[in-house]
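Undergrad: Note that the sequence shown covers residues 1 to 1189 in the UniProt record's numbering. The structure that follows is given in the form of structure tokens.
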Amino acid sequence: CSTWGGGHFSTFDKYQYDFTGTCNYIFATVCDETSPDFNIQFRRGLDKKITRIIIELGPSVVVVEKGSISVRSVGVIKLPYTSNGIQIAPYGRNIRLVAKLMEMELVVMWNNDDYLMVLTEKKYMGKTCGMCGNYDGYELNEFVTEGKLLDTYKFAALQKMDDPSEICLSEEISISTIPHKKYAVICSQLLNLVSPTCSVPKDGFVIRCQLDMQDCSEPGQNNCTCSTLSEYSRQCAMSHQMVFNWRTENFCSVGKCSANQIYEECGSPCVKTCSNPEYSCSSHCTYGCFCPEGTVLDDISKNQTCVHIKQCPCTLNGKTYAPGETMKAACRTCKCTMGQWNCEDLPCPGRCSLEGGSFVTTFDSRSYRFHGVCTYVLMKSSSLPHNGTLMAVYEKTGYSHSETSLSALIYLSTKDKIVISQNELLTDDDELKRLPYRSGDVTIFRQSSMYIQMYTTFGLELVVQTSPVFQAYVKVGSQFKGRTLGLCGNYNGDTTDDFMTSMDITEGTASLFVDSWRAGNCHPSLERDTDPCALSQLNKISAETHCSILTKRGTVFEKCHFVVNPIPFYKRCVYQACNYEETFPYICSALGSYARTCSSMGLILENWRNSMDNCTITCTGNQTFSYNTQACDRTCLSLSNRALECHPTDIPIEGCHCPKGMFLNHKNECVRKSHCPCYLEDRKYILPDQSTITSGITCYCVNGRLSCTGKPQNPAESCKAPKKYVSCSDSLENKYGAACAPTCQMLATGIECIPTKCESGCVCTDGLYENLDGRCVPAEECPCEYGGLAYGKGEQIQTECETCTCTKGKWKCVRKSKCSSTCNLYGEGHITTFDGQRFVFDGNCEYILAMDGCTVNRPVSSFKIVTENVICGKSGVTCSRSISIYLGNLTFILRDETFTISGENPGVRYNVKKNALHLMFDIIIPGKYNMTLIWNKHMNFFIKISRETQEPICGLCGNYNGNMKDDFETRSKYVASNELEFVNSWKENPLCGDVYFVVDPCSKNPYRKAWAEKTCSIINSQVFSACHNKVNRMPYYEACVRDSCGCDIGGDCECMCDAIAVYALACLDKGICIDWRTPEFCPVYCEYYNSHKKTGNGDAYSYGYNNDNCTWHYRPCNCPNQNYKYVNIEGCYNCSHDEYFDYEKEICIPCVTVQPKIMRSSTTSTLPTIPSVSSSAATISTETTNPTI
């Protein structure tokens, strides 16, 4: 419906009339509703131009007046504007507002002159009021009210809506709308100029054109008719009809175009820009100024000129780079070509860090935390000489079980045993050595007052921070690539398989992975389920206040935000501050970790320690503190023996050093060069950490204090043959007692035991090894472990990409020919990429989830999947409202719980499977991809792809190259430092607004937070216990809490159930079938299909009992414990429990039975290996079992 010129109207039903009142009139609204979905009003001035437009959409109100646009509670806005589901942007010479909310879609267009147009959805037929008529499909009954046909002005008077303090007199006289015959011919000719072949009826427009001619200040002038001709041109363009460039410089001109743009009557409003040169949309054309064919708009330089794509600049961290310019970053050089970064990787060392007591980052950048007390294999590799292995010793440092931290590092080879701890250095003859120390090709020296460095000639470098928190950084040369194992991962460039255990299989959780690398008989590590900050509100506030310096604007850390995302460091800082008794050393260590990462990127954050109380370091003597220091040329020793202390580090380190021109002597004093001693031989010291026995009680020297433990009540009785008890108080042939008991897990690591002190206990004898249940077995019967379960000799497990067989306590894995990966979009903007990177965003635009054709030469993509996200909560969280899948000319649109298919592509095979809870699409692009798309008809969408070529994929789902590190690769081929920059680059429409922050709905809704945490805790409960070892539950629990807080405009239970269903599906992917729904908790009403039949076409059902038995039932999965032909998902199924529905044959078929492998390892567990269990541990094989939850 539109109005134009001095007062012409064309209603929704295409009836045209004329009215020129100057009051405020309702243009279009929904009748008789207390709060209509939309209400649009306008007012004309005395010059007949539109002076004001008011657009009300629920709580949002937009007012257009005097060429400026203001939004209620925001004020005057700049274009383009995007917020709360409303986008306002230029559209050729007009301005267009698009409202996309969960329940409606609306378009309003105007030109700040005489034109206003509204497009509504078909669902409002027969329900509209206002000057736009009743939209009932009949054009002649617009003015009929209560059975009477009214005059135009009377009808208009009914639509009048006075402002609060105004009484506007409506015009009582009817104006002459009889056209002059003499202008008819010229008007027809003018309309033919616009479009001779347009199918929009010309009659009404000829009349409007004649009226324009006679009401004009100079009657009969061609320029009088511009507004009607423009409207005719717009209506033809909207009907996708051909329109010509009919305007000239002195006839209805659009004015001068800026820069090198040109006038087009029918130009595409989807502006192709340097940041998105492929942008296309299905919108109709419009008139205005556009870039000439073959050029794109340069939206990066902001000078709004049109350039050839080869002249597009690139951006990085807010800076613009000219085409052809190169940029060097750590490990890669990038060249700007066609607006994208074309990057080449350089050989780069691997870095693994042990920070903050319990955090580890592997060579492939996977971060995890664990709490264990043991000696662990940090890195073993065939590239280390003399069978070298690097170990890490973790000890308990406080009362709670999660207060564990790194206390020493051990380098062990057939030649050396070197222990670096806070009290300097031990060697294999258990003597305390003075630094520096040298043995063969290993040199250890103090690089600064805070750091000890171990330098080797074979490519391993270790930098150890001794204060305030003991931390370690391992660096290896590129010759180690793919040849390391242990806590630092396997360094093969693939993040997903970093949890490779000593038994050669990839575990799902950090604690199980860490346990497999224990180098001694110790307790398993524990996962801290609860947030340590939840215990004390005071600690939490203190931690968040102190740590927030990392993320705040205007701090010393801000200049690094562009390069390194501070959020993970902030989260780590808060965790450490709450978890450890000694708060400040751990807060400073987290800030230091961020500063170190920044300096590895070439940004040294000077003076960051002064910005935080308690982080400053006082130097003894006349030493000064520096953020970039080294021992070389600052110590007396480095003068007399350069080979010992002159080994630089590539990442600057901090600490106290002597002022320039002074040198540190053996008494830790800074002296002049002339006072330096010359060093010759090493001196020997005596060792702590030895045990001594006083009055029958063993005491150890720990941290300079005697720590004594009493004797247990005769422990020998607890030992059953073939184990025997060894006690440290007896004189033993093995001085470490039970600390080195032979276990299957130690056999798998393949290294000698590295005990730190003697322990008493039960030990297997006669060449037997202790297995998981504590029994003694021969080596060949050692079980393999996976997911916390034990598997006997010869047993197999299938993972998505591998088949693994257990032999001699180790897994032998063979890769399957076809391997797939899944990308999830779920809840309120949660995404897990193909490579396992997780992030959340609150954008309300259309975003590309995944597409191919991403290489620099931009080949045609064979598929593109787009999500349209809209606001779905008061706090500003957004959800996916529709998904579009483009396969060449074939398009699927998933929206409003149903789907539509348009176009065709003979090169693509697809199959749609329907289920009460999901829609599944199997898509095959021959020779390229097999895809399964699963949509739960709300907000959860899963893309499972297996590909036959190694062609890169791009979009919000990441680049699917196995490496999580570079998943934030933007459209311009650069890896963004945070997810927002990455998400904004994948918008479909470059004019849609950027996202600048991620909202935290729980902090805005503290009352909902408690409810959310309580209901989501089912994920942490016994119900899902069978899955806890297979799939890390914490990210799913956090996502569930966030979604349940954010879903506050209705449907909150649905949001929560959807979030839990995502975890259940992740478990099902690993073969664990969980029956978690109950009649009270997230029920599914499958009985409906027993009492309702499908009627006719579509998805309509009518009531009517089926005479057959009630066959429809809810199943948490199909064929538990068995090979199932399709992707297994929960749903309503009408086959019996031991059958499944075959979609090709359309009948129920018995499940293929695979004998479930029962875990024989322990007496307590009764679960099969692929448990299909509810919390009652009852398998679903019997229909009558009622799970108790």
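The beta-carbon is built from N, C-alpha and C at its ideal position, and this holds for glycine as well. Here the structure is a predicted model, which is why all the values come from computation and not from measurement.
Distance, Cα to Cα, CYS209 vs SER199?
TA: For the purposes of this step, residue 209 is identified with residue 209 of the sequence shown, where counting begins at 1. For the purposes of this step, residue 199 is identified with residue 199 of the sequence shown, where counting begins at 1. So the two alpha carbons sit approximately 18 Å from each other.
Undergrad: Rounding to the nearest angstrom, what Cα-Cα distance links LYS160 and PHE27 in this structure?
TA: As a working mapping, residue 160 is identified with position 160 in the sequence shown. As a working mapping, residue 27 is identified with position 27 in the sequence shown. Answer to the nearest angstrom: the Cα atoms are 9 Å apart.
Undergrad: Can you tell me which of the three DSSP states CYS129 falls into?
TA: Against the sequence shown, residue 129 aligns to sequence position 129. It is a strand residue.
Undergrad: Please go through the stretch 359-385 and give each complete beta strand (DSSP E) segment of 3 or more residues, from N-terminal end onward.
TA: List check, beta strand (DSSP E) in window: 359-361, 367-369 and 374-381.
Undergrad: Just how far apart, CA to CA, sit CYS636 and PRO347?
TA: For the purposes of this step, residue 636 is identified with residue 636 of the sequence shown, where counting begins at 1. For the purposes of this step, residue 347 is identified with residue 347 of the sequence shown, where counting begins at 1. Roughly 36 Å separates the two Cα atoms.
Undergrad: In angstroms, rounded to a whole number, what distance separates the CA positions of VAL108 and TYR15?
TA: Residue mapping note: residue 108 aligns to position 108 of the sequence shown, counting from 1. Residue mapping note: residue 15 aligns to position 15 of the sequence shown, counting from 1. Taking the straight line joining both Cα atoms gives about 19 Å.
Undergrad: CYS598 and CYS560: beta carbons closer than 8 Å?
TA: In the sequence shown, the residue the question calls residue 598 occupies position 598. In the sequence shown, the residue the question calls residue 560 occupies position 560. Going by C-beta atoms, CYS598 is nearer than 8 Å to CYS560.
Undergrad: Residues in its own chain within less than 6 Å of GLY126 by CB, not counting five upstream and five downstream?
TA: Indexing the sequence shown from 1 puts residue 126 at position 126. The answer, listed in chain order, is ASP136.
Undergrad: Specify the secondary structure class of HIS8 as computed by DSSP and reduced to three states.
TA: To locate residue 8, count along the sequence shown from 1; it is residue 8. HIS8: strand per DSSP, three-state reduction.
Undergrad: Just to confirm my understanding: we take ARG895, look at its own chain, exclude 5 residues before and 5 after, and list those with CB closer than 8 Å. What are they?
TA: Translated into positions along the sequence shown, residue 895 becomes position 895. Answer for ARG895: ARG881, SER882 and ILE883, listed in chain order.
Undergrad: Take the Cβ of LYS724 as the centre, count every other Cβ of all protein chains shown within 10 Å, and call the residue buried at 16 or more, exposed below.
TA: Residue numbering aside, residue 724 sits at position 724 when the sequence shown is read from its first letter. LYS724 comes out exposed.
Undergrad: Given that a residue counts as buried once 16 or more other Cβ atoms are within 10 Å of its Cβ, and exposed if not, what is HIS8?
TA: Taking the sequence shown and counting its residues from 1, one reaches residue 8 at position 8. Its Cβ being crowded by 16 or more others within 10 Å, HIS8 is buried.
Undergrad: My assumption, with CB atoms under 8 Å, is that residue 1190 sits in contact with GLN630. Please give the rounded CB distance.
TA: The structure shown does not extend to residue 1190, since the chain spans only 1 to 1189, so no value can be given for it.
Undergrad: Along the chain, where does the beta strand (DSSP E) that runs through LYS810 open and close?
TA: Here residue 810 is taken as the residue at index 810 of the sequence shown, counted from 1. LYS810 -> beta strand (DSSP E) spans 810-815.
Undergrad: Return the CA-CA distance between GLU403 and ILE410, expressed in angstroms with no decimal places.
TA: Start at 1 with the first residue of the sequence shown, and residue 403 comes out as number 403. Start at 1 with the first residue of the sequence shown, and residue 410 comes out as number 410. Using only the alpha carbons, I get a separation of about 21 Å.
Undergrad: If you compare alpha carbons, which of MET1056, ILE309, ASP113 and PRO783 is closest to TYR826?
TA: By 1-based counting over the sequence shown, the position of residue 826 is 826. Closest by alpha carbon: MET1056.
Undergrad: Which residues does DSSP pair with ARG838 in a beta bridge?
TA: Taking the first residue of the sequence shown as position 1, residue 838 is located at position 838. According to DSSP, ARG838 bridges with THR832.
Undergrad: Indicate whether PHE480 and GLY459 have their beta-carbon atoms separated by less than 8 Å.
TA: Reading the sequence shown from its first residue, position 480 is the one you call residue 480. Reading the sequence shown from its first residue, position 459 is the one you call residue 459. Going by C-beta atoms, PHE480 is nearer than 8 Å to GLY459.
Undergrad: What number of angstroms, rounded off, separates the C-alpha of GLU142 from the C-alpha of ALA850?
TA: Your numbering for residue 142 matches position 142 in the sequence shown. Your numbering for residue 850 matches position 850 in the sequence shown. If you take the alpha carbons of GLU142 and ALA850, they lie about 47 Å apart.
Undergrad: Skipping 5 residues on each side, what residues in its chain have a beta carbon closer than 6 Å to that of LEU956?
TA: If you number the sequence shown from 1, residue 956 lands on position 956. Here the set comprises ILE831, TYR847, LEU849 and TRP986.
Undergrad: Suppose only complete runs of 3+ residues qualify. What are the beta strand (DSSP E) ranges in the stretch 733-807, listed by chain order?
TA: Those beta strand (DSSP E) runs which fall completely within the stretch 733-807 and span 3+ residues are 761-764, 784-786, 789-791, 796-798 and 802-807.
Undergrad: Compute the beta-carbon to beta-carbon distance between SER407 and TYR399, rounded to the nearest angstrom, for a pair I have assumed lies under 8 Å.
TA: Locating residue 407 in the sequence shown gives position 407, where the first residue counts as 1. Locating residue 399 in the sequence shown gives position 399, where the first residue counts as 1. The pair is not a contact, with the Cβ atoms about 17 Å apart (cut-off 8 Å).
Undergrad: Buried or exposed: where does SER1003 fall if 16 or more other Cβ atoms within 10 Å of its Cβ makes it buried?
TA: Indexing the sequence shown from 1 puts residue 1003 at position 1003. With fewer than 16 Cβ atoms within 10 Å of its Cβ, SER1003 is classed as exposed.
Undergrad: Specify, as a first and last residue, the run of the alpha helix (DSSP H) that CYS573 falls within.
TA: Along the sequence shown, read from residue 1 onward, the residue named residue 573 stands at position 573. Start and end: 567-579.
Undergrad: Whole angstroms is fine: what's the gap from GLU355's alpha carbon to LEU591's?
TA: The residue given as residue 355 occupies position 355 in the sequence shown. The residue given as residue 591 occupies position 591 in the sequence shown. Straight-line Cα distance between these residues: approximately 11 Å.
Undergrad: Quick one: complete alpha helix (DSSP H) runs, 4+ long, within the stretch 919-1004?
TA: The stretch 919-1004 contains these whole alpha helix (DSSP H) runs: 979-985 and 1001-1004.
Undergrad: What's the C-alpha gap between ASP18 and VAL61?
TA: Looking up residue 18 in the sequence shown gives position 18. Looking up residue 61 in the sequence shown gives position 61. Going by the C-alpha atoms only, they are around 28 Å apart.
Undergrad: If you count every other CB in all the chains shown that lies within 10 Å of the CB of ASP32, and 16 or more means buried, which is it?
TA: Counted from its first residue, the sequence shown places residue 32 at position 32. So ASP32 counts as exposed.
Undergrad: Would the beta-carbon of SER195 fall within 8 Å of that of VAL243?
TA: Reading the sequence shown from its first residue, position 195 is the one you call residue 195. Reading the sequence shown from its first residue, position 243 is the one you call residue 243. Cβ atoms of SER195 and VAL243: closer than 8 Å.
Undergrad: Can you name the residues that DSSP bridges to PHE445?
TA: To locate residue 445, count along the sequence shown from 1; it is residue 445. Paired residues: GLN453.
Undergrad: Can you check which of these residues, CYS1086, CYS784, ILE88 and THR822, is closest to THR807 by C-alpha distance?
TA: Stepping through the sequence shown from its first residue, residue 807 is reached at position 807. For THR807, the nearest C-alpha among the options comes from CYS784.
Undergrad: Looking only at DSSP bridge pairs, what is THR620 linked to?
TA: Numbered from 1 along the sequence shown, position 620 holds the residue referred to as residue 620. Beta-bridge pairing links THR620 to no other residue.
Undergrad: Report the option in MET939, LYS552, VAL995 and THR1015 whose CA atom is closest to the CA atom of GLU1080.
TA: Walking along the sequence shown from the start, residue 1080 turns up at place 1080. Among MET939, LYS552, VAL995 and THR1015, the Cα nearest to that of GLU1080 belongs to THR1015.
Undergrad: Please state the DSSP three-state secondary structure of TRP110.
TA: Within the sequence shown, numbered from 1, the residue matching residue 110 stands at position 110. In this structure, TRP110 counts as strand in the three-state DSSP scheme.
Undergrad: Would you mind reading off the limits of the alpha helix (DSSP H) that contains SER227?
TA: Within the sequence shown, numbered from 1, the residue matching residue 227 stands at position 227. Unbroken alpha helix (DSSP H) run through SER227: 226-238.
Undergrad: Between the stretch 857-865 and the stretch 989-996, are three or more C-beta pairs nearer than 8 Å?
TA: Taking 8 Å as the limit for Cβ pairs, the verdict is that the stretch 989-996 does not touch the stretch 857-865.
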